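In terms of my numbering, the sequence shown opens at residue 1 and continues consecutively. Heads up, the beta-carbon is just placed ideally off N, CA and C, and yes, glycines get one too. Remember, it's a predicted structure, so these values are computed and weren't measured experimentally.
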Amino acid sequence: MKFGGTSVGSLDRIRACAAIVAAERARGEAVAVVVSAMAGETDRLLSLAGNLGFGLGDEETDVVLSAGEQISAALMAMALGQSGLASRSFLGWQARIRTEGPPGSARISGLDAAPIQSAMGEGCVPVMAGFQGASINERLRTLGRGGTDLSAVALAAALGAQCDIYTDVDGVFTTDPRIEPKARRIDRISYDEMLELAAQGAKVLQTRSVELAKARSVPLRVLSSFAEQGKSEGTMIMQAEDIAERRIVSGIAYARDQARIALRGLSSEPGAAAAVFAGLADADIGIDMIVQSPSSESGRANLEFTVDRRDLDKALVCIGESDARDVLSETGLAKVSVVGLGLNRRADVARILYGALAKQKIAIRTVSTSEIKISVLIENDAVENAVRALHAAYGLDGAA
Ligand code: ADP
Ligand code: ASP
Ligand code: MG
1 MKFGGTSVGS LDRIRACAAI VAAERARGEA VAVVVSAMAG ETDRLLSLAG
51 NLGFGLGDEE TDVVLSAGEQ ISAALMAMAL GQSGLASRSF LGWQARIRTE
101 GPPGSARISG LDAAPIQSAM GEGCVPVMAG FQGASINERL RTLGRGGTDL
151 SAVALAAALG AQCDIYTDVD GVFTTDPRIE PKARRIDRIS YDEMLELAAQ
201 GAKVLQTRSV ELAKARSVPL RVLSSFAEQG KSEGTMIMQA EDIAERRIVS
251 GIAYARDQAR IALRGLSSEP GAAAAVFAGL ADADIGIDMI VQSPSSESGR
301 ANLEFTVDRR DLDKALVCIG ESDARDVLSE TGLAKVSVVG LGLNRRADVA
351 RILYGALAKQ KIAIRTVSTS EIKISVLIEN DAVENAVRAL HAAYGLDGAA
């Protein structure tokens, strides 16, 4: 059972979550708990490090950030103790979570569940601090924003357990219910659809956690810790074969704060663009929405793509070495995506997209399509309108 930041945002909330755990135990289930930092805590800690000039990606920043989950894990163990359950906290290293990769976005490379299992064997409810592990050199590492989802799935995989993600909404919806009240809860969704929604920005689950759940076939459920006990219906994430219903469109996702980079007059020799992308990949910068077109100057091409706003400065440094005539960048953009395994079966997907956005007078900067999604780049300010318009246009609106 994983509890997110809002779910453990105060002592009252921690007590409420402890009661949910106690009820599960009373039903005879063995339980391990994973917790996030209290709501707002990770941002607060990040800004402390930021004031000293250190950001996400720095080794000591990871040590500061991991304190957030340390506190909530111990508080949860205390609250469970008060509700009559023996409980003990485990930091990432105590649960032997081994990581690879850079500070701020490390991956889990190993988890030895023995210490947690032996606590469970003694009838104790272990509470593991999410979002953290230790590198091979015994340095603390965090797992990327939203990383407690990944900690929880990794532990569930190691224990051969189902993973219940308790959050502040009653499951996965057809879009963010905070933007569109007409969004509908999805009863069952496949790993692939969920993966694409998460990758396109639906932050209800961290993308990597869905990847791991799929790879290890961990049954994953998202439900609310705020609902009256036993009343949250939630969403099951499972293999596509086990879902009878076939939707064309699963949902609309959005990612704010994107930046566009345009290289004008890059050499059109095949190696030139490859070198640009190799440099960006080495710096661990994710890119999207690549558009390449011929330049008016012969032997030259124009190349543009998007990155997360927070990666922009790093990306521009990497690109500095290219032979482009000109490098332009633009911020204040957002990506809105329509996701659905059935999109490629529909001829009218683009008509609906352009029609709905034109009606709202929303200008499309770039479009990119794949078999299972179509994304548009628009101004940040237009996100809410675009999400609502597309949600309606693709027939996802439920009763308000
Ligand atoms: P937690 O702190 O529990 O990890 P998050 O804030 O990371 O919670 O994720 C839950 C939030 O995700 C919801 O409050 C909601 O605003 C947002 N969200 C975005 N897209 C969706 C979606 N398709 N379905 C449900 N929630 C979504
Ligand atoms: N506390 C971390 C964050 O805010 C991890 C998590 O909540 O999943 O990103
Ligand atoms: Mg989260």
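Should residue i be listed as close to ligand 3, given that the test is whether its C-beta is under 7 Å from any heavy atom?
i, result
"Leu-201", "Here the sequence assigns Gly to residue 201, which means Leu is not the residue at that position. No, since every heavy atom of ligand 3 falls outside the 7 Å radius drawn around the Cβ of Gly-201."
"Gly-146", "yes"
"Gly-4", "yes"
If you count every other CB in all the chains shown that lies within 10 Å of the CB of residue i, and 16 or more means buried, which is it?
i, result
"Arg-345", "exposed"
"Arg-260", "buried"
"Gln-132", "buried"
"Ala-86", "exposed"
"Pro-126", "buried"
"Ala-281", "exposed"
"Ala-129", "buried"
"Asp-242", "exposed"
"Glu-41", "buried"
"Pro-181", "exposed"
"Ala-119", "buried"
"Gly-28", "exposed"
"Gly-332", "exposed"
"Tyr-354", "exposed"
"Glu-297", "exposed"
"Arg-388", "buried"
"Ala-156", "buried"
"Glu-69", "buried"
"Ala-106", "buried"
"Arg-98", "buried"
"Ala-400", "Reliability fails at Ala-400, whose pLDDT of 46 lies under 50, so the model's placement of it is uncertain and the value that follows must be treated cautiously. With fewer than 16 Cβ atoms within 10 Å of its Cβ, Ala-400 is classed as exposed."
"Leu-328", "exposed"
"Leu-52", "exposed"
"Arg-136", "Note that residue 136 is Ile in the sequence shown, not Arg. Its Cβ having fewer than 16 others within 10 Å, Ile-136 is exposed."
"Gln-200", "buried"
"Val-218", "buried"
"Lys-231", "exposed"
Using 7 Å as the cut-off, classify the Cβ of residue i as near or not near the heavy atoms of ligand 1, replying yes or no.
i, result
"Arg-27", "no"
"Phe-173", "yes"
"Val-204", "yes"
"Arg-247", "no"
"Arg-264", "no"
"Gly-271", "no"
"Leu-341", "no"
"Gly-398", "no"
"Val-234", "Before going further, note that residue 234 is Gly rather than Val in the sequence given. Flag unset: Cβ of Gly-234 not near ligand 1."
"Thr-142", "no"
"Thr-167", "yes"
"Asp-176", "yes"
"Gly-251", "yes"
"Leu-45", "no"
"Leu-390", "no"
"Ser-7", "yes"
Examine ligand 2 and report whether any of its heavy atoms sits within less than 7 Å of the Cβ of residue i.
i, result
"Asp-401", "No answer is possible for residue 401: the residues shown for the chain start at 1 and end at 400."
"Thr-403", "Not covered by the structure: residue 403. The range shown for the chain is 1 to 400."
"Ser-66", "no"
"Gly-130", "yes"
"Gly-37", "Correcting the residue identity first, residue 37 is Ala in this sequence and not Gly. For ligand 2, at least one heavy atom lies less than 7 Å from the Cβ of Ala-37."
"Glu-69", "yes"
Consider the Cβ of residue i: report whether some Cβ of chain C lies at a distance smaller than 8 Å.
i, result
"Lys-373", "Going by chain labels, chain C is absent from the structure shown, which holds only one protein chain."
Checklist entry - So does the segment 203-213 actually touch the segment 177-195, counting three or more Cβ pairs closer than 8 Å? => result Yes: at least three Cβ pairs fall under 8 Å.
Checklist entry - Counting only runs that start and end within the segment 239-277, where is the beta strand (DSSP E) found for 3 or more residues in a row? => result As far as the segment 239-277 is concerned, its whole beta strand (DSSP E) runs of at least 3 residues are 251-267.
Checklist entry - In the segment 112-149, which residue ranges form an unbroken alpha helix (DSSP H) of at least 4 residues, counting only runs that do not cross its ends? => result Counting only unbroken stretches of 4 or more residues, the alpha helix (DSSP H) elements lying wholly within the segment 112-149 are 114-121, in sequence order.
Item to check | Ordered list of alpha helix (DSSP H) runs contained in the segment 268-329, each at least 4 residues | outcome: Correct list: 270-282 and 312-319.
Checklist entry - Three or more beta-carbon pairs under 8 Å between the segment 23-32 and the segment 70-79, yes or no? => result No, the segment 23-32 is not in contact with the segment 70-79.
Checklist entry - Taking three-plus beta-carbon pairs below 8 Å as touching, is the segment 323-342 in contact with the segment 366-376? => result A contact exists between the segment 323-342 and the segment 366-376.
Checklist entry - Taking only runs of the alpha helix (DSSP H) that begin and end inside the segment 7-63, which ones reach a length of at least 4 residues, in chain order? => result Runs of the alpha helix (DSSP H) inside the segment 7-63: 11-26 and 41-51.
Checklist entry - In the segment 140-216, which residue ranges form an unbroken alpha helix (DSSP H) of at least 4 residues, counting only runs that do not cross its ends? => result Fully enclosed alpha helix (DSSP H) runs of no fewer than 4 residues occupy 148-159, 191-199 and 207-215 of the segment 140-216, in order along the chain.
Item to check | Meets three-Cβ-pair contact criterion under 8 Å: the segment 7-22 and the segment 210-218 | outcome: They do not touch, by the three-pair rule.
Next on the checklist: Below 8 Å, how does it come out for the segment 301-308 and the segment 271-285: are there three or more Cβ pairs, yes or no?
Outcome noted: They touch, by the three-pair rule.
Checklist entry - Should the segment 348-366 be called in touch with the segment 183-190, which here means at least 3 C-beta pairs below 8 Å? => result These segments do not touch.
Checklist entry - Quick one: any contact between the segment 43-56 and the segment 16-28, if contact means 3 or more CB pairs under 8 Å? => result By the Cβ rule, the segment 43-56 does not count as touching the segment 16-28, because fewer than three pairs are nearer than 8 Å.
Next on the checklist: Can you confirm whether the segment 131-149 touches the segment 58-72 when touching is taken to mean that 3 or more C-beta pairs between the two stretches lie within less than 8 Å?
Outcome noted: The segment 58-72 vs the segment 131-149: in contact.
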